[in-house]
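This report concerns only the one structure given below.
In my numbering, the protein residues as written are 554 to 1004.
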């Protein structure tokens, strides 16, 4: 583990780096690369819409602004302290920006972190606490090279995670878990740079102990949400798309092949999914697709869908029992109920279809109004010309917003108190949502330009 020196540090730090030490060399290279990444990350954020979770609440937006500003100032102060003949005033400034503003603003945002919270909340909490620890010690030892460099490195956890996220996205790695993978990779790189190789052992131990405590004290619902991936992208779980495509296939064929209706459910569904599609369900609206699918898998025609009927169909689609436990497959549909009605199923299906299907357009809209219209029509699954607040709340919470903040945001923007959002309201008052959505559609390849 690295050790700090306070009495024997030679100034300026930049002229007395011990390049003979492999540990110091590693820390310095990580530091230089981090500075390079800062430029890329800031460029990205100034040219790309922020995630809506940072903008739906005024307090969260203000905290984000403070977080970015003080983070930049802290990095600049650290660099100045590294090169200055007398680093004291710059070290004090860096420590103040970190301990007073950047660290508290990070802790404020940690509960809404995306990815798998069971891993990321304890990990980020530990790294942020270390950041605060090093900043406070930098105040006490303003000429310490160790505390200066450690403060500088721990402020870069987010910059490294953005870079790893971009790499994983570029090469299509860790699909569905990219944000978690990026954050964990950056943590396992930065922790050893400030604590040595034993740092990762401490990190893993802290995560395990934290989750053991939460598992023993939290509810089953809390633990399910705690261990479920909350992706940054709009793209849904790939398995869900497989299910939806199979559902459509089933609806198309069963409507055309009545002789299959009397067969054993599993055989019937397997035959349906294996038969060439002959019906026209794909050219209808998501709501109409949903009704066709419901009729196809409601075996006993009682206008209700049981857990058993749906599981039989999923098994026939090749979905394992383990994969069925996905929150958006069973829990998202049944929500602890034994049966669901056609309306319940259609609501679940249309929301799922929005996230899993691509969008065909003659060209990508170039005007803000056109882009907002494309997003609005995509979310308006039933073609009613308005967006239901409950559906929008589901969308926002899937983006990582706390439910109460999502509900409050929508209530504030429902100017006429109708419980729905019309296009003009959506365009004028919810630009944060549609700007992020259109950028995500483009980034994820959901928009397909017709030839």
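Built from N, CA and C at the ideal position, the CB exists for glycine as well.
- For a cut-off of 8 angstroms, the C-beta gap from residue 707 to residue 680 is around 6 angstroms, short enough to register as a contact.
- Residue 597 counts as exposed, since fewer than 16 other C-beta atoms from the protein chains shown sit within 10 angstroms of its C-beta.
- For the 7 angstroms CB-CB criterion, residue 620 and residue 676 do not form a contact.
- Taking the Cα positions, residue 889 is about 11 angstroms away from residue 859.
- Counting other Cβ atoms within 10 Å of its Cβ, residue 569 stays below 16 and is therefore classed as exposed.
- The DSSP-derived three-state label of residue 668 is strand.
- Here DSSP, grouped into helix, strand and coil, assigns residue 638 to coil.
- A straight line joining the alpha-carbon of residue 891 with that of residue 850 spans about 16 angstroms.
- For the pair residue 699 and residue 691, the CB atoms are not nearer than the 7 angstroms cut-off.
- Straight through space, the alpha carbons of residue 940 and residue 958 are spaced by roughly 18 angstroms.
- Look at the beta carbons and you see the region 637 to 644 not touching the region 662 to 674: under three pairs across the two are nearer than 8 angstroms.
- Excluding the 5 residues flanking it on each side, residue 601 has same chain C-beta neighbours closer than 7 angstroms at 992, in chain order.
- Under the 10 Å beta carbon count, residue 981 is surrounded by fewer than 16 other beta carbons and is classified as exposed.
- Comparing alpha-carbon positions, the option among 862, 895, 854 lying closest to residue 844 turns out to be 895.
- Linking residue 950 to residue 961 through their CA atoms gives a straight-line distance of about 12 angstroms.
- The C-beta of residue 919 has fewer than 16 other C-beta atoms within 10 Å across all chains shown, which makes the residue exposed.
- Setting aside the 5 residues that flank it on each side, residue 776 is surrounded in the same chain by 768, each with a C-beta closer than 7 angstroms to its C-beta; the list follows chain order.
- When the five nearest sequence neighbours on each side are left out, the beta carbons in the same chain lying within less than 7 angstroms of the beta carbon of residue 594 are those of 712, 715, in order along the chain.
- Residue 589 and residue 719 have their C-alpha atoms spaced approximately 15 angstroms apart.
- Counting only unbroken stretches of 3 or more residues, no beta strand (DSSP E) element lies wholly within the region 582 to 635.
- Straight through space, the alpha carbons of residue 924 and residue 729 are spaced by roughly 26 angstroms.
- The criterion of a C-beta distance shorter than 7 angstroms is not satisfied by residue 773 and residue 695.
- For residue 973, the beta-bridge partners assigned by DSSP are 941.
- The beta carbon of residue 759 sits closer than 7 angstroms to the beta carbons of 675, 679 from its chain, once the five residues preceding and following it are set aside; these are given in chain order.
- Here residue 627 is buried: its Cβ has 16 or more other Cβ atoms, across all protein chains shown, within 10 Å.
- Straight-line measurement puts the Cα of residue 577 at about 14 angstroms from the Cα of residue 742.
- Residue 859 is bridged by DSSP to 892.
- Exposure of residue 762 is indicated by the presence of fewer than 16 other C-beta atoms within 10 angstroms of its C-beta.
- In this model, residue 592 and residue 737 are separated by some 22 angstroms (Cα to Cα).
- For residue 669 and residue 778, the gap between their C-alpha atoms comes out near 9 angstroms.
- For the pair residue 780 and residue 671, the CB atoms are nearer than the 7 angstroms cut-off.
- Annotation: the continuous alpha helix (DSSP H) that includes residue 716 extends over 710 to 723.
- When C-alpha distances from residue 613 are compared across 955, 856, 863, 632, the shortest belongs to 955.
- Counting of Cβ neighbours within 10 angstroms places residue 916 among the exposed residues, the total staying below 16.
- Per DSSP, the beta-bridge partners of residue 782 are 669.
- Note that the C-beta distance between residue 656 and residue 685 is below 7 angstroms.
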